[in-house]
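Student: Residue numbers (this note's numbering), protein chains in the order written: chain H, 1 to 151; chain L, 1001 to 1151.
Note that beta-carbon positions come from the ideal geometry of N, C-alpha and C, so glycine has one too.
One structure, as structure tokens, below. Some questions next.
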DNA sequence: AATCAAAATGTATAAATATGCAAAAAGCAC
DNA sequence: GTGCTTTTTGCATATTTATACATTTTGATT
């Protein structure tokens, strides 16, 4: 569906760039050949439960709502699920395979979850690597992510 | 200073009521005899780093930015500091004395901090009670709060 | 394919928010 | 106090976002 794909792109865009306004988002989406208007974006943003937060430079930017304040919106969760193909462990790492181009967004998402044992995330085109302190923690994180995906 | 007092009132208002718009906030402030315009509120909100999140009923309301996403804004922290008079332990409880009328706001704030050992908070007019699992946890929470206030 | 129902989107505009600029208020030094 | 600087605020308005309504698209059923 075009809509899901577009919303997934929105999540990706806001996790990579500092998007200040919906018009800016429209422009970025046009560049990625999603031809939509601001009105549609406004609706997408509401559905995804995105918020505007202040950056260090005192400008507003769109962001995914953090987990402690409020549950991640169902819509976000669904998109997250669709993008993750597999979750595997390797020593003190958890490796996620994702749809091409969505790894950045997924990595950002994992960061947002603020799981205690996650030390950090890096990502490429279709792979996210989560670093934990030890093998046991990697296992815990994998469990946790599986739980979230199973919701 | 009138400004700090007003901003403190704003934090209190948004923690107690679901404030959907700045105009609504202006009205509430007027009722509390703070006579200001929407423009000023807009600036206050920016300074406090407040955000708009979706409620369960799909309406937007103002909220304090959560701790995991981003540090609580300096401004919020300052106001928090000014409102807390003392922090004491009693068994598995931590008891905060606050300025009259600000306990609700402070309690909300403590919730936002998402400290692990905090099981829950209740409050009256000028007292916040934090419940923890045991005496040791109460001590840890007290330590943590003192750290935050000392920042 | 034709028909209907539901969902998604665009257009136009209402509603909400941010901000440039000028005025007022608050500090501060003398 | 007076004069000067800095901060805060209001007014007017630009900018940004949400939404009512109409239209288009999608999907299912026959």
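Measure how close the beta-carbons of residue 106 of chain H and residue 84 of chain H come, nearest whole angstrom, since I'm counting them as under 8 Å.
Tutor: In the first chain, the residue the question calls residue 106 of chain H occupies position 106. In the first chain, the residue the question calls residue 84 of chain H occupies position 84. The Cβ separation is near 6 Å, so the contact holds.
Student: Who pairs with residue 120 of chain H in a beta bridge, going by DSSP?
Tutor: Residue numbering aside, residue 120 of chain H sits at position 120 when the first chain is read from its first letter. Residue 120 of chain H is bridged to H:131.
Student: What does residue 46 of chain H reach in chain L if we use C-beta pairs closer than 9 Å?
Tutor: Taking the first chain and counting its residues from 1, the one referred to as residue 46 of chain H is at position 46. In chain order: 1054, 1058, 1060.
Student: What are the boundary residues of the alpha helix (DSSP H) that includes residue 1009 of chain L?
Tutor: Start at 1 with the first residue of the second chain, and residue 1009 of chain L comes out as number 9. 1002-1016 is the span of the alpha helix (DSSP H), which, as asked, contains residue 1009 of chain L.
Student: Among L:1122, L:1132, L:1124, L:1082, which has the Cα closest to the Cα of residue 1148 of chain L?
Tutor: Translated into positions along the second chain, residue 1148 of chain L becomes position 148. Out of L:1122, L:1132, L:1124, L:1082, L:1082 has the C-alpha closest to the C-alpha of residue 1148 of chain L.
Student: On the criterion of 16 or more Cβ atoms from any shown chain inside 10 Å, does residue 55 of chain H qualify as buried, or is it exposed?
Tutor: Walking along the first chain from the start, residue 55 of chain H turns up at place 55. Classification of residue 55 of chain H: exposed, given that the 10 Å Cβ count is below 16.
Student: One question on the structure: do residue 1028 of chain L and residue 1013 of chain L come within less than 8 Å of each other, judged by their Cβ atoms?
Tutor: Along the second chain, one-based indexing puts residue 1028 of chain L at 28. Along the second chain, one-based indexing puts residue 1013 of chain L at 13. Yes, these two residues count as a Cβ contact at 8 Å.
Student: What residue range is occupied by the uninterrupted beta strand (DSSP E) comprising residue 63 of chain H?
Tutor: Here residue 63 of chain H is taken as the residue at index 63 of the first chain, counted from 1. Where residue 63 of chain H is concerned, the enclosing beta strand (DSSP E) stretches over 60-63.
Student: Which residues in the same chain as residue 19 of chain H place their Cβ atom closer than 8 Å to its Cβ, once the five residues preceding and following it in sequence are excluded?
Tutor: Here residue 19 of chain H refers to the residue found at position 19 when the first chain is read from its first residue. These residues qualify, in order along the chain: 13, 25, 28, 61, 62.
Student: Please state whether DSSP places residue 92 of chain H in a helix, a strand or coil.
Tutor: Counting from one through the first chain, the residue named residue 92 of chain H turns up at place 92. Note: residue 92 of chain H maps to coil in three-state DSSP.
Student: Which residue's Cα is closest to the Cα of residue 1091 of chain L: L:1114, L:1141, L:1051?
Tutor: To locate residue 1091 of chain L, count along the second chain from 1; it is residue 91. For residue 1091 of chain L, the nearest C-alpha among the options comes from L:1141.
Student: Buried or exposed, going by whether 16 or more other CB atoms sit within 10 Å of the CB of residue 8 of chain H?
Tutor: Counted from its first residue, the first chain places residue 8 of chain H at position 8. Buried: at least 16 other Cβ atoms inside 10 Å.
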